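Written below as structure tokens is the structure these notes are about.
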Amino acid sequence: MSSSSSSYLRDEDLTQETRDLISSLPSEKGWLVSQMYQFQGRWHTQALLQGLLQCQKHFEAKDSDIILVTNPKSGTTWLKALVFALINRNQFPEFTTSLQISISPSCLLQDS
């Protein structure tokens, strides 16, 4: 992956805060990018470090927050439906027999 084709990896797009942090971190030659930087026990690209710093700086978790993270194409829709059903099952008693609550998603799949 060349840096010319990936504009998000350019040094001039980084904030001064990110540049200062990068200069103090251990680094290694990356596999897909030129450099990887170790921060808080993990290896990151420059772009990921900038996003990580912004998240840490601005994100404020609430007691009611639920963070659901999956890989793409790994059943995310089913997982969101199941979490919704679990959280809201007491608010909608008339739907306690719905497919999302009473039947496992794997039971709905037909053998081919």
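Quick note, the sequence shown lines up with residues 1 to 112 if you use full-length UniProt numbering.
Don't be surprised by glycine CBs; every beta carbon is placed ideally from N, CA and C.
All figures in this text were calculated on a predicted structure; none of them were measured in a lab.
Close beta carbons around residue i, own chain, < 6 Å, minus the five adjacent residues each side
{"i": "Trp43", "result": "Met36"}
Three-state secondary structure (DSSP) of residue i
{"i": "Asp63", "result": "coil"}
{"i": "Gln35", "result": "strand"}
{"i": "Arg19", "result": "helix"}
{"i": "Gly75", "result": "coil"}
{"i": "Leu14", "result": "coil"}
{"i": "Val69", "result": "coil"}
Rounded Cβ spacing between residue i and residue j (contact assumed at less than 8 Å)
{"i": "Gln54", "j": "Ile22", "result": "Wrong, their Cβ atoms sit about 14 Å apart, outside the cutoff."}
{"i": "Leu68", "j": "Leu79", "result": "6 Å"}
Neighbourhood of residue i by C-beta distance below 7 Å, restricted to the same chain and skipping five residues each side
{"i": "Ser74", "result": "none"}
{"i": "Thr70", "result": "Thr76, Leu79"}
Residues bridged to residue i [DSSP beta-bridge criterion]
{"i": "Ser27", "result": "Tyr37"}
{"i": "His44", "result": "Tyr37"}
Three Cβ pairs or more, each shorter than 8 Å: is that satisfied between the region 42–56 and the region 12–24? yes
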